[in-house]
Structure formats: structure tokens, C-alpha cells
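Read the structure below first, then the notes.
Protein chains: 2
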Amino acid sequence: MAVNLRPSQALRLWQGVCLSEVNAGMPDLSHRQLAILLTVYLDPPPHTVRGLAAALNVTKPVVTRALDTMGALKLVSRHRDEEDRRNVLVKRTIEGALFLERFGDVIIAKAKELPI
Amino acid sequence: MAVNLRPSQALRLWQGVCLSEVNAGMPDLSHRQLAILLTVYLDPPPHTVRGLAAALNVTKPVVTRALDTMGALKLVSRHRDEEDRRNVLVKRTIEGALFLERFGDVIIAKAKELPI
DNA sequence: CGTTATTGTTTCGGACCCGTTTCATTCAAG
DNA sequence: CTTGAATGAAACGGGTCCGAAACAATAACG
């Protein structure tokens, strides 16, 4: 069944999730960083810096720095590609999976609370 | 009818909208700023700096600076409350309404594209 | 009045993000 | 082997955000 939202529902959903994020003391990831994180977890691997930059239409340093930040938070991990040591492979972590699981739960909860 | 999302749908939705934001060259509003903007447009007025800070559980300078930024973008406007000149009333603008209308359309479109 | 409270703004310091450019490493092709 | 291409990371400069604290301006109260 397709997911159909009305305008006020769409914006209310966004407001509710943004508020949860702010108040939960969640690390403040930029939209670019969140898009990178979600792509790593939702799209099939392998994920390289170049590939992510191309997929999201951002520059490579944006991806590198996002991986620095999210790596420090243990949300993703980096590994050299042993078959082509120029590449860096971005991989998922337990912490990242838990983080996004919780994030998804927030979205689902806010969606369920929406007025009809 | 309640809006029920599955976890993968919720995260896909967020990914799609984040990507649209980044690529559309939309002004980079933080989550706090977006939450403030949405609250001004979705919750009934009047909106004061103090009221917004309390509603979102953020500090007053955060609200003031968000209004600076979004005011420069014409997304909201400020007016002194003539009945109590200590208060500042935050009001909606045409540009802000159009901005959020377009933003809502992006969310709706991404929701409709979600796999079943 | 003069004092206290409330409201919003500004300042300060630190941290982060972004785009561009430059650099180091690694592969591939002549 | 040497040269050139590709990949990711680092450096630079500008801008923004944040929290805490100090600062006006206005109102309320004794």
C-alpha cells in the first residue's frame, strides 16, 4: 500500500522528528552527513568515498570529513580495499545499526501519532 | 487512516528528502532552525522568542540567531509587541509559506515513491 | 520614583561544516 | 622502470552554529 501524506501531515512529521532529535541530544549530523549514513546502510555495498560522493552529488572532502565525524561516533568504519589499495571501503557497525534502528523508530512513532 | 511506516520505509523516506534538500541547494538550516520554522507555521500564534525556546527546549540565543538567519532569508519576520514591548512576535511570510509548501511537496513525493 | 523581574539581544570562545586546492599513495599503461 | 591517472586525505579560508554569560530595554511592583 502506497504511503500517502497530506501537506500538513508531512510537515508535522518533520517537525516531530526534528524535535525528537534535538531533545534526545543526538549528535548533530548535517543533512549531508545523515544522507551519507543512510546511504551506507540502505544501499548495497561496497561503498567508497568516490562512490558516495557521486551518489549524493557532494564533493569528496565532504564524504571524508563525514566519515571522520561518524567514525569517531562509531557509526561507520573505514577499511582499505586490499584489492585496490587506493579505495577505502565504508562499512556498517553495530552502533550505527542501532542508531538508525532507533532513528527509524522515532519516525514511525511520529507518523503513527499524526492526526487523520 | 493512521500513517503506518515500516522501518526501511521510514529511513528511505528520510534519505530521499535529505538528498533532495542537499541537491536542491536549499539553504542549510540546522535541525533546530527547521524545528523553529515548522513550529511557527504549524502551531497557532502568537510566537515569542521565549515561547519558542520553551516549546523546543532550546536556549533563547538559539531562537534569536535562527530568526536572524531565517529573517535574512525572508522565511519569517519579527515585530515588537506593542502591548508589551519586551516581547518580539514572530510572524509568517509569503516566502516562508511557499518554502514550506515546496518542502512538504518533496516529503509527499518521496513518501509516494516508497516501495511497498 | 526606585528596585526587581522579564524579555530579547549581543558577545565571547570553541567547535564544526563546507568548497577549493594541494598533497600522498597506489594503480596502470607505455 | 617511468610516467600519468585515480583515489582519498590534508590544508587553507570563510562562514555558521552552539552554549554560557553579560548586556540593554521594558514592565511590574513596593
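Top line first, the protein sequences correspond to chains A and B. All the letters of the first sequence, read from the start, carry residue numbers 1 to 116 under the working numbering. All the letters of the second sequence, read from the start, carry residue numbers 1001 to 1116 under the working numbering. Built from N, CA and C at the ideal position, the CB exists for glycine as well. For clarity, every value in this text was computed on a predicted model and none was experimentally measured.
(message) Between which two residues does the alpha helix (DSSP H) holding L13/A run?
(response) The residue labelled residue 13/A in the question sits at position 13 within the first sequence. Here the alpha helix (DSSP H) through L13/A covers 7-23.
(request) If I'm right that P104/A touches A1010/B with Cβ under 8 Å, what's the distance once you round it to whole angstroms? (result) If you number the first sequence from 1, residue 104/A lands on position 104. If you number the second sequence from 1, residue 1010/B lands on position 10. Reading off the sequence shown, one finds Gly at residue 104/A, where the question assumed Pro. Confirmed, Cβ separation roughly 4 Å.
(request) Measure from the C-beta of L1075/B to each C-beta in chain A and report whether the shortest distance is under 8 Å. (result) Here residue 1075/B refers to the residue found at position 75 of the second sequence. No - not a single Cβ of chain A is within 8 Å of the one on L1075/B.
(request) Answer with buried or exposed for R1012/B, where buried requires no fewer than 16 other C-beta atoms within 10 angstroms of its C-beta. (result) Position 12 of the second sequence, counted from the first residue, corresponds to residue 1012/B. R1012/B should be labelled buried.
(request) Can you grab the Cα-Cα spacing for the pair H79/A / V88/A, in whole Å? (result) For this step, residue 79/A is matched to residue 79 along the first sequence. For this step, residue 88/A is matched to residue 88 along the first sequence. Roughly 6 Å between the two C-alpha positions.
(request) Pick helix, strand or coil for T48/A, following the three-state DSSP scheme. (result) On the first sequence, position 48 is the one that residue 48/A refers to. Note: T48/A maps to strand in three-state DSSP.
(request) Could you pull the start and end residues of the beta strand (DSSP E) that K1091/B belongs to? (result) Position 91 of the second sequence, counting from 1, holds the residue named residue 1091/B. Per DSSP, K1091/B belongs to the beta strand (DSSP E) from 1088-1092.
(message) Any beta carbon from chain A within less than 8 Å of L1092/B's own beta carbon?
(response) What you label residue 1092/B is simply residue 92 of the second sequence in a count that begins at 1. Sequence check: residue 1092/B is Arg here, not Leu. Answer no: the Cβ-Cβ gap between R1092/B and chain A never drops below 8 Å.
(message) Going by DSSP, what residue range makes up the alpha helix (DSSP H) through V40/A?
(response) Sequence index remark: in the first sequence, residue 40/A carries index 40 (1-based). Segment 31-42, the alpha helix (DSSP H) holding V40/A.
(request) With DSSP collapsed to three states, give me the class of R1085/B. (result) Your numbering for residue 1085/B matches position 85 in the second sequence. Reduced to three states, the DSSP call for R1085/B is coil.
(message) Going by DSSP in three states, V162/A sits in which element: helix, strand or coil?
(response) Residue 162/A is absent from the structure shown; chain A starts at 1 and stops at 116.
(request) Just mark K110/A as buried or exposed, buried being the case when its beta carbon has 16 or more other beta carbons within 10 Å. (result) As a working note, residue 110/A is residue 110 in the first sequence. Buried.
(message) So for V1106/B, helix, strand or coil by DSSP?
(response) Counting from 1 along the second sequence, the entry for residue 1106/B is found at position 106. Helix at V1106/B.
(request) Taking C-beta pairs closer than 7 Å, name the residues in chain A that T1059/B reaches, listed in chain order. (result) Counting from 1 along the second sequence, the entry for residue 1059/B is found at position 59. Near T1059/B there are no residues of chain A at all, since even the closest Cβ is about 11 Å away, more than 7 Å.
(message) Which residues does DSSP list as the beta-bridge partners of V76/A?
(response) Indexing the first sequence from 1 puts residue 76/A at position 76. V76/A pairs with R92/A.
(message) Taking contact to mean 3 or more Cβ pairs, one atom from each stretch, closer than 8 Å, check whether the stretch 50-63 of chain A and the stretch 1035-1048 of chain B are in contact.
(response) no
(request) Just mark G1117/B as buried or exposed, buried being the case when its beta carbon has 16 or more other beta carbons within 10 Å. (result) Absent from the structure is residue 1117/B, since the part of chain B shown begins at 1001 and ends at 1116.
(request) For A1097/B, collect the residues of the same chain with a Cβ closer than 8 Å to its Cβ; drop the 5 residues on either side in sequence, then sort them by chain order. (result) As a first step, residue 1097/B must be located in the second sequence, where it is residue number 97. Hits under 8 Å: Y1041.
(message) Using only the alpha-carbon positions, how far apart do K112/A and G16/A sit?
(response) The residue labelled residue 112/A in the question sits at position 112 within the first sequence. The residue labelled residue 16/A in the question sits at position 16 within the first sequence. Taking the straight line from one Cα to the other gives about 11 Å.
(message) Any beta carbon from chain B within less than 8 Å of A10/A's own beta carbon?
(response) Taking the first sequence and counting its residues from 1, the one referred to as residue 10/A is at position 10. At least one chain B Cβ lies under 8 Å of A10/A.
(request) Taking R1065/B as the reference, give the member of P1045/B, E1083/B, V1090/B, D1043/B with the closest Cα. (result) Taking the first residue of the second sequence as position 1, residue 1065/B is located at position 65. Out of P1045/B, E1083/B, V1090/B, D1043/B, V1090/B has the C-alpha closest to the C-alpha of R1065/B.
(message) Our contact map puts T93/A next to L75/A with C-beta atoms below 8 Å; I'd like the distance itself, whole angstroms only.
(response) In the first sequence, residue 93/A corresponds to position 93, counting from 1. In the first sequence, residue 75/A corresponds to position 75, counting from 1. Rounded, the Cβ-Cβ distance is 6 Å, consistent with contact.
(request) Tell me whether A2/A sits in a helix, a strand or coil according to DSSP, three-state version. (result) To locate residue 2/A, count along the first sequence from 1; it is residue 2. Note: A2/A maps to coil in three-state DSSP.
(request) Compile a chain-ordered list of the residues in the stretch 30-42 of chain A whose CB is closer than 8 Å to at least one CB of chain B. (result) S30, H31, R32, L34, A35, L38, T39, Y41, L42
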